[in-house]
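Novice:
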Amino acid sequence: PGTKDFPKPEVDVLLVKLLKEFNAGPNDNRTFTVKVTPAGGQGKDYVLTPGKAQLVTNLAPNVNTYTVQETAVSDGSDPKAYAVTIDGTGAPEAKADVNIPTGNKWGMSDKEIKVINAEKGDGKLTVKKEFKNEEMPQPQPASLGNTEVRNVGGNRGTIVVQGNPSAAPKFKFKFTKAPEGSGLLNTTFELAADEEKTFENLPYGTYTVAEEDTPDFQSEGSQWRVTLSVGHKEDTIVVTNYPKEPETDFTAVKK
6 PGTKDFPKPE
16 VDVLLVKLLK
26 EFNAGPNDNR
36 TFTVKVTPAG
46 GQGKDYVLTP
56 GKAQLVTNLA
66 PNVNTYTVQE
76 TAVSDGSDPK
86 AYAVTIDGTG
96 APEAKADVNI
106 PTGNKWGMSD
116 KEIKVINAEK
126 GDGKLTVKKE
136 FKNEEMPQPQ
146 PASLGNTEVR
156 NVGGNRGTIV
166 VQGNPSAAPK
176 FKFKFTKAPE
186 GSGLLNTTFE
196 LAADEEKTFE
206 NLPYGTYTVA
216 EEDTPDFQSE
226 GSQWRVTLSV
236 GHKEDTIVVT
246 NYPKEPETDF
256 TAVKK
């Protein structure tokens, strides 16, 4: 008997792929959990890695509408903290309904559902200036115990310390490192004692602030670095300055 051709099915096997994209530079190994739920059915979680796709395996017969929701991020951040797009539609709640065709005829394209995360860039950085004015020594007589000072003529004398303390000026700062898009790289600003300056709507990344050297004053460092991220959106840099020890003039006073 002759060989018969196997009959061609009327319906193609529809492949539905979930594709994760992360529009924020290096992913630092974050993964994203996405739940796909058919209308009236049970949902299934898919753990997605940016740049890779997975097949949806919990398709239900004769169901067109599926809810796609991002439920978790491996670094513990809230999915709603990202700008999320699902199947081409903005999803402020990280959730959207997606239409998946049924009864797919031969030649129809398979369905691809893109779930895209972008970091919003809503970082906030405050630089605060503190000044320890109480550290500034005040002019006062020297305490020398039993020490005596004699001039050439043999007259006894005392020693008085004469200092020249300076009032706190405005201190100058500069961003020496800032992420692209922040507009802060090499930006300069000034702060007086107890003043602060806040920068908002910043893209996430590392910021470095340097203070210019100021004569007569010293600080606890010269550069301060913070990193803002979706899990750490706000930070404060506190720069504390102290007056340097005043130069001392010794004067012999005759009695």
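6 is the number of the first residue of the sequence shown in my numbering; add one for each residue after it. The beta carbon of each residue, even a glycine, is placed where N, CA and C say it ideally should be.
Hey, out of Ile105, Tyr212, Gly236 and Pro248, whose CA is closest to Pro220's CA?
Specialist: By 1-based counting over the sequence shown, the position of residue 220 is 215. Cα-wise, what sits closest to Pro220 is Pro248.
Novice: Between Tyr87 and Ala123, which are expected to be in contact by the criterion C-beta below 8 Å, what is the C-beta distance as a whole number of angstroms?
Specialist: Working through the sequence shown from its first residue, we reach residue 87 at position 82. Working through the sequence shown from its first residue, we reach residue 123 at position 118. Contact flag correct, Cβ pair sits at about 6 Å.
Novice: What span of residues does the beta strand (DSSP E) with Arg230 cover, start to end?
Specialist: Numbered from 1 along the sequence shown, position 225 holds the residue referred to as residue 230. Arg230 -> beta strand (DSSP E) spans Gln228 to Leu233.
Novice: Once you ignore the five residues that flank Tyr212 on each side, which residues in its own chain have a CB closer than 8 Å to its CB?
Specialist: Counting from one through the sequence shown, the residue named residue 212 turns up at place 207. Excluding sequence neighbours, Tyr212 sits near Leu130, Phe180, Lys182, Ala183, Pro184, Ser187, Leu189, Arg230, Val231, Thr232 and Leu233.
Novice: Using the rule of at least 16 other Cβ atoms within 10 Å of the residue's Cβ for burial, across every protein chain shown, is Pro43 buried or exposed?
Specialist: Indexing the sequence shown from 1 puts residue 43 at position 38. Per the 10 Å Cβ criterion, buried.
Novice: Cα separation between Gly81 and Phe37?
Specialist: Translated into positions along the sequence shown, residue 81 becomes position 76. Translated into positions along the sequence shown, residue 37 becomes position 32. Roughly 10 Å separates the two Cα atoms.
Novice: Suppose the cutoff is 6 Å on Cβ atoms and the five residues either side in sequence are ignored; what does the same chain contact list for Glu201 look like?
Specialist: As a position in the sequence shown, residue 201 is number 196, starting the count at 1. Once the five neighbours on either side are set aside, the close Cβ partners of Glu201 are Thr131 and Lys133.
Novice: If you draw a straight line from the alpha carbon of Lys177 to that of Ala96, how long is it in whole angstroms?
Specialist: One-based indexing of the sequence shown puts residue 177 at position 172. One-based indexing of the sequence shown puts residue 96 at position 91. Near 43 Å, if we compare the C-alpha coordinates of Ala96 and Lys177.
Novice: Which term fits Ile242, buried or exposed, when burial requires 16 or more other beta carbons within 10 angstroms of its beta carbon?
Specialist: Position 237 of the sequence shown holds residue 242. The residue is buried, with at least 16 neighbouring Cβ atoms inside 10 Å.
Novice: Under 6 Å Cβ to Cβ from Thr90, same chain only, skipping five residues before and after it: list those, please.
Specialist: Position 85 of the sequence shown, counted from the start, is the residue given in the question as residue 90. So the qualifying residues of the chain are Ile121.
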